[in-house]
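In what follows, a single structure is set out as structure tokens and then discussed.
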Amino acid sequence: MDDELLDCLIIGGGAAGLTAAVYMGRYKRRAVVLDDGGSRLQRIPRTRNVPGFPDGIEGPELLERLRAHAAKYEVPTVRTRVRRLQRLEDGSFVAESPEGRWHARFVLLATGACDVEPEIEGMHAAMQAGHVRYCPICDGYETQGQRVAVLGRAGHGLRESLFVANWGNEVTWLAMATHEEVDPADLARLRDAGVRIAESPPHRIECGVDGVGVRVELQNGQVLEFDTLYPALGLKHACELATTLGARARPDGQLEVDAHQQTSVEGLYVAGDVAVDLNQISVAAGHAAIASTAIHNRL
Ligand SMILES: Cc1cc2nc3c(=O)[nH]c(=O)nc-3n(C[C@H](O)[C@H](O)[C@H](O)COP(=O)(O)OP(=O)(O)OC[C@H]3O[C@@H](n4cnc5c(N)ncnc54)[C@H](O)[C@@H]3O)c2cc1C
44 MDDELLDCLI IGGGAAGLTA AVYMGRYKRR AVVLDDGGSR LQRIPRTRNV PGFPDGIEGP
104 ELLERLRAHA AKYEVPTVRT RVRRLQRLED GSFVAESPEG RWHARFVLLA TGACDVEPEI
164 EGMHAAMQAG HVRYCPICDG YETQGQRVAV LGRAGHGLRE SLFVANWGNE VTWLAMATHE
224 EVDPADLARL RDAGVRIAES PPHRIECGVD GVGVRVELQN GQVLEFDTLY PALGLKHACE
284 LATTLGARAR PDGQLEVDAH QQTSVEGLYV AGDVAVDLNQ ISVAAGHAAI ASTAIHNRL
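Spelled out as structure tokens, the structure:
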């Protein structure tokens with residue numbers, strides 16, 4: 044193990060982890076970012092709700108800017124995947140990966156989440172063209188006047204259909220269930236919001252074929268066409284390094300925190316999509332600012 048006792052290990056180098064690196068660097072603390080390069084920012088064709096970018100900014104460019112910002116304050120990033128996190132008797136932490144071991148007084152976990160993806164032909168190009176979108180909070184505004192489909196089971200799919208119907212668009216819920224399986228009260232709410240429900244679950248989805256944004260073949264053979272599809276199949280929050288240490292998490296994997304972003308494990312802080320809150324870039328940055336400052340104040 045590297046003998047140096049760092050002030051803070053930042054695990055994850057996306058929106059939250061790199062913002063934390065800027066704060067730690069400017070506080071003149073010894074920190075390192077351990078990141079395996081899978082930030083959700085890379086999947087964003089153009090974000091339009093990050094403060095300070097009135098014309099929007101492409102996700103990969105924002106990620107590059109955040110990396111350059113962290114590098115300016117000499118917080119190094121190591122490309123690695125942390126496999127194990129231990130808490131020692133003195134309360135410090137050791138992170139291990141195939142590339143090394145790091146020892147620090149505090150850990151800021153910013154490992155994010157992954158979208159559960161449906162099988163869709165032409166998926167990558169469809170995301171770039173805005174035919175497949177993942178985050179109506181981020182880009183529901185862009186769907187005004189469009190034919191929009193939401194793909195998801197009762198619960199998440201239903202909530203997202205109601206949410207998307209706010210923008211003067213034509214929304215259809217691809218329910219992945221039969222009408223009989225949906226609660227009658229929920230059916231009434233959808234009807235009131237003008238959301239249609241597909242007559243049977245989807246069988247096949249393809250994008251960008253013959254100039255059609257999204258074509259959905261249902262199990263009953265009917266074919267529907269849309270401008271935009273929102274898969275609403277949920278997120279897998281990357282909480283395992285923390286829950287293995289006993290950190291409390293919600294059933295969906297989001298980690299519970301106190302007002303300073305500390306988990307139920309002393310000295311283990313979290314920021315961004317892996318923490319309980321709205322999954323947004325500005326929220327990730329806010330978490331990182333709060334957590335880094337709390338850690339700095341304890342060093
Ligand atoms: C298509 C799409 C569009 C979006 N549009 C917007 C938008 O317009 N506005 C907005 O505010 N938000 C948007 N979001 C959400 C936004 O991308 C996330 O909220 C944000 O990236 C969260 O930051 P984070 O740092 O928590 O996670 P991430 O940015 O995902 O970073 C987490 C990092 O941790 C790394 N990691 C995970 N586990 C380990 C490990 N064990 N060891 C080392 N590294 C690890 C990952 O590889 C990744 O690099 C969008 C998301 C998607 C998918």
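Residue numbers for the sequence shown follow this note's numbering, beginning at 44 and rising by one. We treat Cβ as the ideally placed atom computed from N, Cα and C, and that holds for glycine. Because the structure is a prediction, the values reported are computed rather than measured.
Here G296 has K279, H280, C282 as same chain residues with Cβ atoms under 7 Å from its own Cβ, once five neighbours each way along the sequence are excluded. At a threshold of 7 Å, A327 counts as near ligand 1, since its beta carbon sits closer than that to one of the ligand's heavy atoms. Residue state for S204 is assigned as helix, using DSSP reduced to three classes. Looking at the backbone, the Cα of E101 and that of V313 are separated by about 25 Å.
Here K279 carries a strand assignment [DSSP, helix/strand/coil].
According to the DSSP assignment, Q129 belongs to the beta strand (DSSP E) that extends over 127–130. About 6 Å separates the Cβ atoms of L261 and A241, confirming a contact at the 8 Å cut-off.
In this structure, C250 lies away from A332, with their beta-carbon atoms at least 8 Å apart. Per DSSP, the beta-bridge partners of R258 are E249, E268. Checking the 7 Å criterion, the Cβ of A111 is out of range of every heavy atom belonging to ligand 1. H246 and L84 have their C-alpha atoms some 30 Å from each other. H174 counts as buried, since no fewer than 16 other beta carbons sit within 10 angstroms of its beta carbon. In this structure, the straight-line span from the alpha carbon of H222 to that of P88 is close to 35 Å.
Secondary structure note for C181: its alpha helix (DSSP H) is the uninterrupted segment 179–182.
Annotation: V300 to L267 spans about 43 Å, alpha carbon to alpha carbon. If you check the C-beta of L284 against ligand 1, you find a heavy atom less than 7 Å away.
Exclusion of the five residues before and after T186 leaves R176, P179, V207, W210, N212, D270, T271 as the residues of its chain whose Cβ lies within less than 8 Å of its Cβ. Note on geometry: alpha-carbon atoms of G99 and A231 lie some 37 Å from one another.
Residue pairing for W145: DSSP places it in a beta bridge opposite A138. Residue environment analysis places E142 among the exposed positions, since fewer than 16 neighbouring C-beta atoms fall within 10 angstroms of its C-beta. Rounded to whole angstroms, the gap between the alpha carbons of A285 and A111 is 28 Å.
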